[in-house]
Structures are given as structure tokens and as C-alpha cells.
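Asker: So for the sequence shown, the UniProt record's numbering puts the first residue at 1; every next one is plus one.
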Amino acid sequence: MSSGSAEIAREQEYVTMLYRRLDALRERASGRFAQVLLENGGTPQSRTERDIRAGEHADRLAQLDAAENGLCFGRLDFAVGETRYVGRMGLRDEQDDYEPLLIDWRAAAARPFYLATAAAPLGVSRRRHIKTRRRAVTGLDDDVLDLDELERDTPDGHSELVGEGALLSAVTADRTGRMRDVVETIQAEQDEAIRAGLAGVLVVQGGPGTGKTAVALHRAAYLLYAHRERLARRGVLIIGPNPTFLQYISHVLPALGETSAVLRTLGELFPGVVADRAEAPETVAVKGRPQMAQVLAAAVRARQRVPEQELEVEIDHVVYRLGRETCAEARELARGTLEPHNLARPVFVERVLDALTDQVVRRLNQDPFAEVTRELAEQIARELRELSEPDDPPLEEELLGRRDATEIRAGLADEPAVQAALEWLWPRLTPQRLLTELFADAEQLDRAAPQFTATERAALRREPGGGWSVADVPLLDEAAELLGTRDDTQRLEELRQARRLAYAQGVIDILKGSNPIEREDPREFEHMLTAADLIDAQTLADAQDERGHLSVAERAAADRTWTFGHVIVDEAQELSAMAWRVLMRRCPSRSMTLVGDVAQTGDPAGTDSWAKVLAPYVGDRWRLAELTVNYRTPAEVMAVAAKVLARIDPALEPPRSVRSSGIEPSRDSVPAERLAARLGEVAAGEAQLVGDGRLAVIVPARNAEPLAAAVLAAVPDASYGPEADLEKRAVVLTVRQAKGLEFDTVVVVDPAGIAADPLRGDSDLYVALTRVTRRLAILEVEG
1 MSSGSAEIAR EQEYVTMLYR RLDALRERAS GRFAQVLLEN GGTPQSRTER DIRAGEHADR
61 LAQLDAAENG LCFGRLDFAV GETRYVGRMG LRDEQDDYEP LLIDWRAAAA RPFYLATAAA
121 PLGVSRRRHI KTRRRAVTGL DDDVLDLDEL ERDTPDGHSE LVGEGALLSA VTADRTGRMR
181 DVVETIQAEQ DEAIRAGLAG VLVVQGGPGT GKTAVALHRA AYLLYAHRER LARRGVLIIG
241 PNPTFLQYIS HVLPALGETS AVLRTLGELF PGVVADRAEA PETVAVKGRP QMAQVLAAAV
301 RARQRVPEQE LEVEIDHVVY RLGRETCAEA RELARGTLEP HNLARPVFVE RVLDALTDQV
361 VRRLNQDPFA EVTRELAEQI ARELRELSEP DDPPLEEELL GRRDATEIRA GLADEPAVQA
421 ALEWLWPRLT PQRLLTELFA DAEQLDRAAP QFTATERAAL RREPGGGWSV ADVPLLDEAA
481 ELLGTRDDTQ RLEELRQARR LAYAQGVIDI LKGSNPIERE DPREFEHMLT AADLIDAQTL
541 ADAQDERGHL SVAERAAADR TWTFGHVIVD EAQELSAMAW RVLMRRCPSR SMTLVGDVAQ
601 TGDPAGTDSW AKVLAPYVGD RWRLAELTVN YRTPAEVMAV AAKVLARIDP ALEPPRSVRS
661 SGIEPSRDSV PAERLAARLG EVAAGEAQLV GDGRLAVIVP ARNAEPLAAA VLAAVPDASY
721 GPEADLEKRA VVLTVRQAKG LEFDTVVVVD PAGIAADPLR GDSDLYVALT RVTRRLAILE
781 VEG
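#1: Specify the secondary structure class of methionine 17 as computed by DSSP and reduced to three states.
#2: Buried or exposed for serine 666, please, with buried defined as at least 16 other CB atoms from any protein chain shown within 10 angstroms of its CB.
#3: Grouping DSSP H, G and I as helix and E and B as strand, with all else coil, what is lysine 728?
#4: If I follow the unbroken alpha helix (DSSP H) through cysteine 327, where does it start and stop?
#5: How many whole angstroms separate the CB atoms of valine 637 and threonine 770, which I take to be in contact at a CB cut-off of 8 Å?
#6: Compute the Euclidean distance between the alpha carbons of alanine 639 and arginine 195, then round it to the nearest angstrom.
#7: Using a Cβ distance threshold of 8 Å, determine whether the region 279–294 contacts the region 423–438, with at least three qualifying pairs required.
#8: With DSSP collapsed to three states, give me the class of aspartate 414.
#9: Can you tell me which residues form a DSSP beta bridge with glycine 74?
#10: How many Å lie between alanine 683 and proline 758 at the Cα?
#11: Which of the three DSSP states, helix, strand or coil, is assigned to glutamine 544?
#12: With DSSP as the reference, label glutamate 571 as helix, strand or coil.
#13: Between Val567, Pro241, Arg50, Thr83, which lies nearest to residue 790 when the distance is taken from Cα to Cα?
#14: Look up glutamine 291 in the DSSP assignment and say whether it is helix, strand or coil.
#15: State the start and end residues of the unbroken beta strand (DSSP E) segment that holds aspartate 104.
#16: Do arginine 75 and isoleucine 130 come within 8 Å of each other at the CB atom, strictly closer than that value?
#17: If you draw a straight line from the alpha carbon of glycine 783 to that of valine 749, how long is it in whole angstroms?
#18: Check whether the Cβ atoms of alanine 221 and leucine 253 sit closer than 8 Å, and answer yes or no.
#19: State the Cα-Cα distance for the pair proline 751 and arginine 92, rounded to the nearest angstrom.
#20: Between the C-alpha atoms of arginine 152 and alanine 79, what's the straight-line distance to the nearest angstrom?
#21: Could you please give me the residues that DSSP links to phenylalanine 743 through a beta bridge?
#22: In or out: leucine 534 buried (at least 16 other Cβ within 10 Å) or exposed?
#23: Take leucine 296 and list the residues in its own chain whose beta-carbon comes closer than 7 Å to its own, dropping the five residues that flank it on each side.
#24: How many angstroms separate the CA atom of arginine 289 from the CA atom of glutamate 456?
#25: Name the one or two DSSP bridge partners that glutamine 205 has.
#26: Rounded to whole angstroms, what is the Cα-Cα separation between arginine 760 and aspartate 717?
#27: Histidine 566 and methionine 592 look like a contact to me (Cβ under 8 Å); what is the Cβ gap, rounded to whole Å?
#28: Do you know how far the Cα of tyrosine 114 is from the Cα of aspartate 191?
#29: Do leucine 689 and threonine 745 have their beta-carbon atoms positioned less than 8 Å apart in this structure?
#30: Please report the Cβ distance between glycine 90 and aspartate 104, rounded to the nearest whole angstrom; I am assuming they are in contact, meaning their Cβ atoms lie under 8 Å.
#31: So for serine 609, helix, strand or coil by DSSP?
#32: Does leucine 614 come out as helix, strand or coil in the three-state DSSP assignment?
#33: Just reading off the beta strand (DSSP E) that threonine 265 is part of, what are its end residues?
#34: Give me the Cα-Cα distance between arginine 178 and glutamate 742, rounded to the nearest whole angstrom.
#35: Give a yes or no on whether the C-beta atoms belonging to lysine 739 and alanine 471 are separated by under 8 Å.
#36: Need the endpoints of the alpha helix (DSSP H) that residue 813 sits in, please.
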């Protein structure tokens with residue numbers, strides 16, 4: 001139900017008042033921010049406090065700026081006469097006892113805006129959607145929830161959708177290449193998932209067009225609002241399926257006023273590694289299997305060697321021997337610590353150096369000149385005993401005492417031959433080195449992975465170099481856990497901190513040394529403050545450490561072991577068993593939201609069962625929220641997609657579309673040799689018809705390059721590539737790139753070729769067919 005110009009003018013007056021309040025808050029925050037930035041000097045502690053305050057004011061300004069567009073989008077009229085305005089942030093009237101002027105959409109008081117229906121009005125008599133463009137009110141859409149009035153207005157019944165007019169207007173609007181937030185049109189089943197409790201694992205299962213991604217992002221914003229104290233320090237991690245998807249959603253959370261979430265793909269979770277290597281599906285499938293954890297553990301143990309015979313170590317032309325029993329004893333001692341490989345290595349090294357030192361000492365004590373030297377040493381010792389006090393400890397009588405042995409041992413540790421022997425017996429390993437050498441050596445693979453077939457081990461074989469793939473990242477992370485790189489990093493940082501502290505103490509000592517108090521009569525200067533009185537060594541050392549000024553996102557990006565307060569995974573069905581191990585390490589509290597659809601699994605190592613994925617970590621202690629309504633895909637398109645869904649699993653029900661477009665999908669068929677030429681013609685025609693909207697051409701991955709070239713020739717401003725520009729009028733994508741995205745028009749090329757993939761072909765085709773909001777064109781290959 002629309003309202004007239006008088007009502008629009010009335011709402012404009014209120015909205016204008018809200019913007020005046022927003023401007024006042026922005027001016028105040030900007031002034032405080034500028035004032036803090038002008039502060040200079042002071043102690044390191046005061047400068048740190050200044051930086052913290054500056055960060056807080058910057059965050060506040062970002063929140064205020066984010067609320068600029070669509071500040072107020074709704075109004076609730078209650079039967080008892082109360083009126084509430086709902087918007088992107090909360091605003092209060094400082095002149096009227098801080099009465100609420102605008103309620104944040106995440107607040108409990110705003111829930112009726114998303115839940116109230118005619119059947120369950122929650123005390124609401126009328127819900128009004130306020131449409132704005134910049135700061136101008138452009139239209140109103142009212143939902144009358146009073147049953148008597150509703151029956152008079154709509155005698156045929158009422159829709160189950162909340163804010164149907166605003167919702168349908170949003171889903172039929174032109175796409176822009178960037179996802180928009182749906183804060184104005186959240187539906188009841190989506191709201192339930194968004195506001196679910198923080199603790200535990202929540203699985204949000206929904207078919208195409210049900211708003212899974214919107215739920216995931218709005219849930220992140222809600223959790224950061226409702227549990228800010230718990231989440232602000234550790235942050236929220238959002239995992240997306242690919243960089244194109246992250247580009248598509250990147251503006252949603254800032255638009256909701258949140259900047260504490262970290263957006264990453266799985267391939268970005270190992271700092272310093274760029275996962276851009278392409279790999280065959282069969283290799284991806286093997287690397288994702290849970291048995292890979294056992295393979296890597298076996299590969300690490302295999303590098304903790306014991307020689308079959310004595311290992312010879314030549315030092316200064318003298319050959320010393322490390323026996324098998326000595327090396328085996330050292331290995332058992334190191335393994336007995338239960339520390340990761342690199343952290344247990346010092347125990348192994350200590351035992352081996354002890355054995356070598358004993359050999360060197362014995363040899364030196366048996367030197368031909370030792371008798372003369374020993375007699376001289378005994379004579380000196382007798383004379384010293386005569387001069388010593390009765391209670392003094394006895395002197396060492398052997399030729400080479402403990403101090404000599406310690407010096408010999410230190411020298412051995414630096415000998416290249418000793419280092420080479422230790423490197424062979426128990427090498428220092430990085431995750432990259434372990435995987436590179438494992439995959440390059442067929443014999444190593446055979447020993448480490450006997451549970452795999454010869455074909456599966458062959459899929460893992462590759463020569464060194466060529467970079468890393470997304471499937472490698474969980475393996476690198478697993479290797480890092482087995483090797484203990486985290487503690488190595490901590491120990492190095494402790495060493496750096498100790499050096500900073502020693503240097504700072506030296507500076508303080510110099511300041512004290514230059515103080516006249518130390519040279520003159522101190523009574524003359526007892527009231528004088530010096531630099532040493534104002535700062536201690538620890539404070540000075542801390543001032544050199546900039547880590548405290550980094551954001552959560554910056555610190556998390558640099559720290560592989562960072563643990564988050566909550567983890568949200570979109571397209572979660574795509575993750576392998578090894579990938580789940582990574583994410584569970586990132587969230588030991590198991591506070592997670594997993595969003596996906598097992599019918600759309602396309603990754604060779606993905607899953608078809610949430611229970612199977614979660615059982616190793618939380619058993620059956622997880623909750624399921626199902627999204628059943630398809631807001632995006634027209635009924636005409638879902639009728640085609642439903643046939644593919646039935647092939648995936650006859651028991652699966654497609655989500656119910658809430659609208660029809662009136663446009664049946666078009667089909668065209670051409671011989672294989674004319675496919676590229678015909679595709680260019682179809683793409684050019686659809687690009688003209690899409691107007692200000694967006695066109696996607698979805699092609700099989702195996703021949704994406706020539707098909708993309710045909711589209712680019714016909715539509716010069718189209719985009720294609722690993723990070724295709726979604727804001728272009730037309731874009732060419734593989735199915736993997738298209739996951740989670742939506743477009744006004746979609747051309748699906750060679751559907752039979754997409755479905756022919758033996759691993760996830762039908763799932764990929766189902767995804768391709770359901771990316772569209774209006775027109776679907778299918779270009780088939782004859783025969």
C-alpha cells in the first residue's frame with residue numbers, strides 16, 4: 001500500500017531531523033579526531049594512548065559515514081500508540097533525556113520490523129518502508145497488520161512475506177556488480193538465523209536465492225553489535241569461496257557500519273603464501289582427504305632419521321663416529337618431549353653433541369703428550385690444595401675439566417660437519433620445505449602414504465617450484481602445527497624483545513651516567529627530574545614495538561595462529577576435510593556459522609553431509625536453520641533447475657520461488673565448431689537487452705579461454721580473468737567463479753559439457769542455472 005505526497009512530506013521532515021543529528025555527531029567526532037591528531041610529544045605511554053583514541057574516533061567516523069545512505073528505512077506504528085523509527089544506527093535526543101530517535105536495526109526493539117505479520121502482528125498495527133535517495137524521501141510502502149483493516153483492503157488474503165512490496169522492488173532492481181545489504185528487507189526466517197545465539201555451531205542450509213550470503217554478512221554485523229565486548233578483540237573471520245566473491249561482498253559490512261570483520265579465502269590463510277597454482281581435480285580431491293594429516297605426520301617422522309650403520313663425522317682431519325644406538329636414544333629422548341618437530345630438535349641436538357664431546361675429550365686425554373701435561377697439572381693442583389681453605393671444594397683432577405668440555409662442545413656445535421650430520425639426522429624444517437620435498441620424491445610418498453593407491457600418490461607428485469594451490473594451504477597449515485613454527489616465532493620474538501630491553505636499559509644507564517647527581521653532591525639535585533625518572537627500560541622498549549597499533553584484521557593477517565571470536569564460512573559445503581582442520585584451529589571455541597547448500601557442492605573434496613563434516617569436532621551438538629524461500633530466481637528458471645536437482649538427489653526439494661518473471665528461459669543449439677561464434681552473437685544481443693543491469697556468461701572451465709575471447713570480441717567492455725571486474729556490464733566466469741553471485745541475465749554455455757564433469761558436474765550446472773534474477777539463455781552444443 002503506497003502513501004501520498006502529504007505523508008512523504010511528513011516523513012521527509014523527520015528524516016531531515018535525523019540527518020541533522022547525524023551531522024552533529026559527525027562534526028563532534030571529526031573535531032575530537034582532529035584534536036587527538038594534533039597532540040604531540042609526551043611519554044611513549046601517552047603517545048600510545050593517543051593512537052588508541054585516534055583509532056576509536058576513526059572507527060566512530062566510519063560508522064557515521066556508513067549510515068549516510070539509507071539512514072532511516074522503516075517505521076513501526078504500534079496499536080498502543082507508540083511509534084518507532086528503524087535505521088542503520090541508533091540515534092538519541094540529547095535534549096530530551098536521550099529518548100530514542102532512531103533504533104538500530106540490530107536492537108531487540110527493532111525485531112518486529114522483520115517478524116511482524118498479519119497473523120502474528122506482535123503489537124504492530126502498521127509497518128512502513130521508507131524509500132530514500134541520498135537524503136530525500138522518494139516513496140513509502142505500508143504493510144497494514146491490523147486484521148480488520150487488512151481484510152477490508154485485501155479481501156483475498158495476505159502474503160507471508162514481510163514487506164512484500166519493498167522486497168520485490170529490491171530483488172527485481174538492476175544488479176550493480178556489488179552486493180547490497182538487505183537490512184531493509186530481511187525476512188522472518190532470515191532474521192531467526194541472523195540473531196541466533198553466539199555459542200556453538202549454527203548451520204544455515206538454503207538453496208539458490210534464499211539469501212544465505214546476506215544472512216552470513218548481516219549475522220556478522222549483528223554479532224559484532226550484540227557481543228562487541230567479546231568479539232572486538234579477537235574479531236570475526238568470514239571465509240568466502242574465491243577472490244571474485246570477496247570483491248562482490250566487500251562493501252556490505254562497511255555499509256552496515258562494521259570494520260572489525262576479516263574477509264579471506266581459504267587460500268589466504270597462510271601468511272606469505274600466494275595460492276595461485278592451478279591443479280587437477282583428482283589432485284585436489286586427494287589433498288583434501290582427512291588421511292593427509294596422517295601422511296604429513298608420517299613425513300615428519302621419516303625426517304627424524306637413525307643411520308643404518310655408524311655415521312662418520314670428520315673434524316680437523318679426525319673421524320668421530322655416531323653409532324646407531326646413540327642416534328636412536330637421542331631420537332627417543334626428543335620424541336618423548338611430545339613437542340613438535342622443530343621444538344623437540346634441541347633435545348636431540350644436545351644428546352648428539354654430548355656423545356661427540358665425550359669422544360673428543362677421550363681422544364685428547366689419550367694424547368701422547370698427556371702424561372707430561374698431567375704430571376704438571378697434578379703438581380699445580382697439589383700446590384693449590386696446600387694454599388686452599390679446608391672447606392673449599394676439591395679441584396678437578398682430570399686433564400680436561402668440565403669447563404674445557406663445555407668449550408669443546410660449543411665449538412663442535414659450530415663445526416660444518418657436525419651441522420651437516422644434525423641436518424641429515426633431524427633437520428630444521430619449514431612447512432614449505434616439507435611439502436616440496438615430499439611431493440618431489442616418489443619414495444618419500446610411498447613411505448608416508450601407504451594408505452593411498454599408486455594412482456593417488458601419483459596425483460600428489462610434482463617437481464619443485466610452480467607455487468602453491470588453494471588445496472596446499474591446509475597442508476601447509478597442518479605441517480606448521482607438526483613442525484612447531486608458532487613457538488619458534490614466539491621464541492624469536494622473545495629474543496628480539498630481550499634485545500630491545502637490553503638496548504633500552506643501556507640508554508637509561510647512559511642517561512643516568514650523564515646526570516650531575518652521579519658526579520656532584522646529590523643533595524643539591526634531589527628535587528630535579530631527569531629522563532630516567534620519567535621512563536623505565538620496559539616502557540622505552542615497548543615504544544619500539546608497533547604491533548599494538550595494528551587493527552585486528554592486520555594482526556590476524558600476519559599471524560597464522562590467530563584465533564577468532566567467531567568464524568563464518570560461506571559456501572561451506574565446498575571445504576575439504578583438511579580445510580575444516582584449519583578453521584577449527586582458528587576457532588577453538590567452536591563459535592561458528594556455516595552457510596551453504598550441499599546440493600551445490602562443486603569442489604572435488606567438498607561434502608554432501610553437514611553431519612559428516614562436523615562429527616569429528618562437535619559430534620551432533622550443532623543447530624540447523626533452513627532457508628526455504630527463493631527470493632532471487634524466477635519460478636520459470638527454477639523449473640529448469642529443479643530437473644538438475646533431481647539428478648543430484650531425488651530427495652532434495654528446490655527452494656520455493658516467490659515470484660515469476662514472465663520470461664521463459666531461451667534455448668539455442670549449434671554445432672561445436674560454431675559454438676564460439678554463436679556465443680559472441682548471443683552475448684552481444686543480451687548485453688544490449690540488459691540495459692543498466694549485469695550480464696554473466698558462464699562457461700565450462702575446460703574451454704573457458706576461447707569462449708571468453710569470443711565474448712570479449714563481441715562485447716569489448718566485458719571482463720574476464722581470475723579477478724574479473726563484476727562492475728562491468730558483462731563478465732565471463734567459470735562456475736567456480738560464479739558461486740554466490742547474482743546477475744540480471746545469465747547465459748549458460750554448453751550445459752552438457754558442464755554436467756559431464758565426473759566429480760560434481762550436475763552440482764555445477766545447478767549453480768550456473770540459478771545465478772539469474774530475470775533472463776536465462778542456454779546455449780547448447782548439438783549432438
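By construction, the Cβ of each residue, glycine as well, lies at the ideal position given by its N, Cα and C atoms.
Answerer: Once the coordinates are examined:
#1: Helix at methionine 17.
#2: Counting Cβ neighbours within 10 Å, serine 666 comes out exposed, since fewer than 16 surround it.
#3: Coil at lysine 728, not helix or strand.
#4: Here the alpha helix (DSSP H) through cysteine 327 covers 324–336.
#5: Right, their Cβ atoms sit about 7 Å apart.
#6: Spanning the two alpha carbons is a distance of roughly 32 Å.
#7: Contact fails: fewer than three Cβ-Cβ distances are below 8 Å.
#8: Residue state, collapsed to three classes: helix.
#9: Note: glycine 74 is bridge-paired with Val86, His129 in the DSSP secondary-structure output.
#10: Computed Cα separation, rounded: 28 Å.
#11: Per-residue confidence for glutamine 544 stands at a pLDDT of 47, beneath the threshold of 50, marking its modelled position as unreliable; no derived number is given.
#12: Glutamate 571: coil per DSSP, three-state reduction.
#13: Residue 790 falls outside the range modelled here, since the chain spans only 1 to 783, and no answer is possible.
#14: Of the three classes helix, strand and coil, the one that applies to glutamine 291 here is coil, per DSSP.
#15: Aspartate 104 -> beta strand (DSSP E) spans 99–104.
#16: The beta carbons of isoleucine 130 and arginine 75 sit closer together than 8 Å.
#17: So the alpha carbons of these two residues sit roughly 15 Å apart.
#18: Cβ atoms of alanine 221 and leucine 253: closer than 8 Å.
#19: Going from the Cα of proline 751 to the Cα of arginine 92 covers about 55 Å.
#20: Confidence is the limiting factor: at arginine 152 the pLDDT is only 48, short of 50, which leaves the residue's position unreliable, though a coordinate-based value still follows. Rounded to whole angstroms, arginine 152 to alanine 79 spans 18 Å at the Cα level.
#21: Residue pairing for phenylalanine 743: DSSP places it in a beta bridge opposite Val772.
#22: Confidence at leucine 534 is low in this model, with a pLDDT of 49, below 50, so the placement of that residue should be treated as unreliable; the coordinate-derived value is given next. The C-beta of leucine 534 has fewer than 16 other C-beta atoms within 10 Å across all chains shown, which makes the residue exposed.
#23: Excluding sequence neighbours, leucine 296 sits near Leu475, Glu478, Ala479, Leu482.
#24: CA-CA distance, arginine 289 to glutamate 456, rounds to 11 Å.
#25: DSSP, once it has assigned bridges, lists Gly596, Glu626 as partnering glutamine 205.
#26: Each residue's alpha carbon lies about 32 Å from the other.
#27: Confirmed, about 7 Å.
#28: Aspartate 191 and tyrosine 114 have their alpha carbons spaced roughly 7 Å apart.
#29: Yes, Cβ-Cβ distance for threonine 745 and leucine 689 is below 8 Å.
#30: At roughly 4 Å, the Cβ-Cβ gap stays under 8 Å, so glycine 90 and aspartate 104 are in contact.
#31: Here serine 609 sits in coil by DSSP.
#32: Correct three-state label for leucine 614: helix.
#33: It spans 261–265 - the beta strand (DSSP E) in which threonine 265 sits, taken as one unbroken run.
#34: Rounded to whole angstroms, the gap between the alpha carbons of arginine 178 and glutamate 742 is 9 Å.
#35: Not a contact, by the Cβ cut-off of 8 Å.
#36: Because the chain in this structure spans residues 1 to 783, residue 813 falls outside the shown range and cannot be described.
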